[in-house]
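Numbering (UniProt numbering), first residue to last: 1 to 724.
See below:
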């Protein structure tokens, strides 16, 4: 008792894993790190337990004993681990995961067969709907399987993927069976269930009659039904269109039809059975000599397995726009929400609306029965097609439990309009909890400030908003005036506390940022990245606006903004009595720095008792300027500076050692009392003299916490020369 077991778990890692742990300096608990990695490696077949005598015991179950300690799990590739986890002999393992697992990640996914998808449905149902998973993250999926992607999104939003493959009422989930047995059925519920069963029985008879007619030589599609429709499948009805003249989209193997969503998953065919079922076109193979004809019953069963999940997930996308359209008409926002194109222009024709899913007769999923859903959704490097964006938009419109949404490098383009519509509908839900939204991509479809205004107008309850784009869309500059609906919308008073904007080399116009700052009186953190200052006084206007509109601002960050010619404004920021953290990252601050300017910076920081953190990475500080910064902690200083970041500043070992000696002298004169606690030294030239660097670091660590890395400066310089 009272002794740390961290060294024991670290030793176990070396003995069992036999690999160097990534980011070992950031590991806070080696017990958790070991057990989670151990579980994952055994599950994916990376670790052979028979190779270690301590693990090679038939009384020991690696998955069972480590599963209760797993808080995050990563599934990858063909999802082989999903089948293993849902196997009968691992039922207890799945129960443990349902209690302990909080984060579920998918990485480098590939297309899967129907049996794996069925196992995935069961896994997500247990871990999300009846478990404790609160975050679902997906990474690096260059060519996503749309069916699998939308399946994961739908289950994360709390929907059960019903159908013949995995009907809700015959679910193997014990929780669902107990819930169904214990719930007292009302008269209305009994009527709905009986009607649902009657509809399914009628469908079954019609399917048999259709199949018999086909065997007798009748054409496919008799009585409005395709001969290949699954027998008794509620999900097969989801392939129906609301009216005969509503077109069905077909391409890349996708069948796209509008379908209602208000019915419960327990009786999903209700209200749909009255509509004709569309047969999915299938080419009849030419008979070949010596080839036996395929058994009709076997062909039909194979079709069932492969198509039920497919039909469900694409139904969600078709319900999107009409539900948002009805809400917007109700609130007088028809022009914003019902669009025939994602650019924001109103529907110009009925055909255009039907093509996009705005046809009448469909309704929203928000009235359907839902299970527990996750609170955090993250999508990294996954291209989202229009169908996927429409589906996500519809799911977002009623995803009230969602608190954090991260969309990173998804190639949204003009499809971002669908997501804005979904978020706008979500904000009108009484229990909306969305507080964090982060959107980043390569190209921006609209100017950054325009997108920020759109988001804040739709979601005034946001606490954190991050908008980041690498490059400006070449067609953006040709658009006359951008989107007037966003640029002219008045921003309501918001709860925004943190705003991060990465401009794709756009000019920073304070006049465009001013309405956002005025509406965000609670703003505490502001980060501006890669912005160009169009005129010398633009930064001065920005500082004046911040002083007037955001008196509670605590953290201000500039990254890749040229401040070499804005020394006056830099000094004004450093003497601000409210700011606690200031970052000038790669701002060329000391590019044309004079001795007088450096002395003014040091004296200003010495007099500022509110500044706690000063970050100056990538500003060409060099050895002599670093040594001068040590005077911030002299005996006549009233500074409260705790953290100093001088990463990527061409600092050499001899300069660091001299800085250390000077700092030690100031501390000694102050009687050993100093508030300085953290120093960051990433990517400096400390490898040029290892012995001197080690001595400097050893002496520094006696004063404060030092964070550095093993960086090869020669290789970095070669890389820099190669791209010049």
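For each residue, glycine too, the CB sits at the ideal point set by N, CA and C.
Subject >> 9 angstroms Cβ cutoff met for residue 589 and residue 563 >> reply: In the chain shown, residue 589 corresponds to position 589, counting from 1. In the chain shown, residue 563 corresponds to position 563, counting from 1. Residue 563 is positioned such that its CB atom lies closer than 9 angstroms to that of residue 589.
**OP:** Out of 538, 708, 408, point me to the one whose CA is closest to residue 470's CA.
**Re:** As a first step, residue 470 is located in the chain shown; it is residue number 470 there, counting from the start. For residue 470, the nearest C-alpha among the options comes from 408.
Original post:
Is the beta carbon of residue 465 sitting closer than 9 angstroms to the one on residue 424?
Top reply: Start at 1 with the first residue of the chain shown, and residue 465 comes out as number 465. Start at 1 with the first residue of the chain shown, and residue 424 comes out as number 424. No, these two residues do not count as a Cβ contact at 9 angstroms.
Subject >> Per-residue burial, residue 683 [other beta carbons within 10 Å of its own, 16 or more giving buried] >> reply: Working through the chain shown from its first residue, we reach residue 683 at position 683. Looking at its Cβ environment, which holds 16 or more other Cβ atoms inside 10 Å, residue 683 is buried.
**OP:** Below 6 angstroms CB to CB, which residues in the same chain sit around residue 422 once its five sequence neighbours on both sides are set aside?
**Re:** Position 422 of the chain shown, counted from the start, is the residue given in the question as residue 422. Cβ neighbours of residue 422 within its own chain (closer than 6 angstroms, five residues either side excluded): 393, 396, 397.
**OP:** Report the three-state DSSP secondary structure of residue 663 (helix, strand or coil).
**Re:** Residue 663 sits at position 663 when you count from the first residue of the chain shown. Three-state DSSP puts residue 663 in a helix.
**OP:** Check whether the region 122-133 touches the region 55-69, counting contact only when three or more Cβ pairs, one atom from each stretch, lie closer than 8 angstroms.
**Re:** No, they do not touch.
Original post:
Skipping 5 residues on each side, what residues in its chain have a beta carbon closer than 6 angstroms to that of residue 141?
Top reply: Looking up residue 141 in the chain shown gives position 141. Taken in chain order, the residues that qualify are 109, 382.
Original post:
Since residue 675 contacts residue 642 with CB under 8 angstroms, what's their CB separation in whole angstroms?
Top reply: Counting from one through the chain shown, the residue named residue 675 turns up at place 675. Counting from one through the chain shown, the residue named residue 642 turns up at place 642. Contact holds; Cβ gap of about 5 angstroms.
**OP:** For residue 476, name the three-state secondary structure that DSSP assigns.
**Re:** Position 476 of the chain shown, counted from the start, is the residue given in the question as residue 476. Legend: pLDDT at residue 476 = 47, less than 50; position of this residue unreliable, value from coordinates given subsequently. Judged by DSSP in its simplified three-state form, residue 476 adopts helix.
Original post:
What's the gap between the Cα of residue 671 and the Cα of residue 627?
Top reply: Residue mapping note: residue 671 aligns to position 671 of the chain shown, counting from 1. Residue mapping note: residue 627 aligns to position 627 of the chain shown, counting from 1. So the alpha carbons of these two residues sit roughly 21 angstroms apart.
**OP:** Take the Cβ of residue 29 as the centre, count every other Cβ of all protein chains shown within 10 Å, and call the residue buried at 16 or more, exposed below.
**Re:** Sequence index remark: in the chain shown, residue 29 carries index 29 (1-based). Counting Cβ neighbours within 10 Å, residue 29 comes out exposed, since fewer than 16 surround it.
Original post:
How would you label residue 625, buried or exposed, when you count the other beta carbons within 10 angstroms and need 16 or more for buried?
Top reply: For the purposes of this step, residue 625 is taken as the residue at position 625 of the chain shown. In the assembly as shown, residue 625 is a buried residue. Its beta-carbon has 16 or more other beta-carbons within 10 Å.
Original post:
Using DSSP with H/G/I as helix, E/B as strand and the rest coil, what is residue 572?
Top reply: Residue mapping note: residue 572 aligns to position 572 of the chain shown, counting from 1. In the structure shown, the three-state DSSP call for residue 572 is helix.
**OP:** Name the two residues that bound the continuous beta strand (DSSP E) containing residue 76.
**Re:** Taking the first residue of the chain shown as position 1, residue 76 is located at position 76. Residue 76: member of the beta strand (DSSP E) spanning 72-77, first to last residue.
Subject >> Runs of beta strand (DSSP E) lying entirely within the region 635-692, each at least 3 residues, in chain order >> reply: Fully enclosed beta strand (DSSP E) runs of 3 or longer: 643-645, 678-680.
**OP:** Determine the closest residue to residue 459 out of 538, 158, 433, with distance taken between C-alpha atoms.
**Re:** Residue mapping note: residue 459 aligns to position 459 of the chain shown, counting from 1. Comparing C-alpha distances from residue 459 to each of 538, 158, 433 shows the shortest one belongs to 433.
**OP:** Tell me whether residue 554 sits in a helix, a strand or coil according to DSSP, three-state version.
**Re:** Start at 1 with the first residue of the chain shown, and residue 554 comes out as number 554. Coil.
Original post:
Taking Cβ positions, are residue 69 and residue 32 nearer each other than 9 angstroms?
Top reply: Counted from its first residue, the chain shown places residue 69 at position 69. Counted from its first residue, the chain shown places residue 32 at position 32. Yes, they are a contact pair.
Subject >> Contact set for residue 105: own chain, Cβ-Cβ below 6 angstroms, skip 5 residues either direction >> reply: Start at 1 with the first residue of the chain shown, and residue 105 comes out as number 105. Only 74, 137 meet the Cβ criterion.
Original post:
How many Å lie between residue 403 and residue 115 at the Cα?
Top reply: Translated into the one-based positions of the chain shown, residue 403 becomes position 403. Translated into the one-based positions of the chain shown, residue 115 becomes position 115. Cα-Cα distance, rounded: 32 angstroms.
Original post:
Between which two residues does the alpha helix (DSSP H) harbouring residue 603 extend?
Top reply: Counted from its first residue, the chain shown places residue 603 at position 603. Per DSSP, residue 603 is one residue of the alpha helix (DSSP H) stretching across 595-607.
**OP:** Report the three-state DSSP secondary structure of residue 133 (helix, strand or coil).
**Re:** For the purposes of this step, residue 133 is taken as residue 133 along the chain shown, with counting starting at 1. When DSSP states are grouped into helix, strand and coil, residue 133 belongs to the coil group.
Original post:
Leaving out the 5 sequence neighbours to the left and right, which residues in its chain are closer than 7 angstroms to residue 34 when beta-carbon positions are compared?
Top reply: Counting from one through the chain shown, the residue named residue 34 turns up at place 34. The answer, listed in chain order, is 9, 12, 13.
Original post:
Just curious, the alpha helix (DSSP H) that residue 107 is in, first and last residue?
Top reply: For this step, residue 107 is matched to residue 107 along the chain shown. No alpha helix (DSSP H) contains residue 107, which is instead part of the beta strand (DSSP E) from 103-109.
Original post:
In or out: residue 680 buried (at least 16 other Cβ within 10 Å) or exposed?
Top reply: The residue labelled residue 680 in the question sits at position 680 within the chain shown. Burial call: buried.
**OP:** Would you grab the beta carbon distance between residue 399 and residue 157 for me? Rounded to a whole angstrom, and I think it's under 8 angstroms.
**Re:** In the chain shown, counting from the first residue as 1, residue 399 sits at position 399. In the chain shown, counting from the first residue as 1, residue 157 sits at position 157. Yes, residue 399 and residue 157 are in contact; Cβ-Cβ is about 5 angstroms, under 8 angstroms.
Original post:
Under 9 angstroms between the Cβ atoms of residue 678 and residue 657?
Top reply: In the chain shown, counting from the first residue as 1, residue 678 sits at position 678. In the chain shown, counting from the first residue as 1, residue 657 sits at position 657. Not in contact: residue 678 and residue 657 (Cβ atoms no closer than 9 angstroms).
Original post:
Within 10 angstroms of its Cβ, does residue 519 collect 16 or more other Cβ (buried), or is it exposed?
Top reply: As a position in the chain shown, residue 519 is number 519, starting the count at 1. Around the Cβ of residue 519, a 10 Å sphere holds 16 or more other Cβ atoms; the residue is buried.
Original post:
So, using beta-carbon positions, are residue 653 and residue 702 closer together than 9 angstroms?
Top reply: The residue given as residue 653 occupies position 653 in the chain shown. The residue given as residue 702 occupies position 702 in the chain shown. In this structure, residue 702 does not lie closer than 9 angstroms to residue 653 by Cβ.
Subject >> Cβ distance (whole Å) where residue 508 is taken to contact residue 528 below 8 angstroms >> reply: Sequence index remark: in the chain shown, residue 508 carries index 508 (1-based). Sequence index remark: in the chain shown, residue 528 carries index 528 (1-based). Right, their Cβ atoms sit about 7 angstroms apart.
**OP:** Please go through the same chain and pick out, in chain order, the residues whose beta-carbon is closer than 6 angstroms to the beta-carbon of residue 634, but skip the five residues on each side of it.
**Re:** Residue mapping note: residue 634 aligns to position 634 of the chain shown, counting from 1. Here the set comprises 666.
Original post:
How about residue 616 and residue 574: do their beta carbons lie closer than 9 angstroms?
Top reply: Locating residue 616 in the chain shown gives position 616, counting from the first residue. Locating residue 574 in the chain shown gives position 574, counting from the first residue. Remark: C-beta atoms of residue 616 and residue 574 do not approach each other more closely than 9 angstroms.
**OP:** Could you pull out every residue in the same chain whose Cβ sits closer than 6 angstroms to the Cβ of residue 713, ignoring the five residues on either side in sequence?
**Re:** For the purposes of this step, residue 713 is taken as the residue at position 713 of the chain shown. Sequence-distant partners of residue 713 (beyond 5 residues in either direction) whose C-beta falls short of 6 angstroms from its own C-beta, in its chain, are 685, 687.
Original post:
Taking all protein chains shown into account, do 16 or more other C-beta atoms lie within 10 angstroms of the C-beta of residue 453, making it buried, or fewer, making it exposed?
Top reply: Counting from one through the chain shown, the residue named residue 453 turns up at place 453. Classification of residue 453: buried, given that the 10 Å Cβ count is 16 or more.
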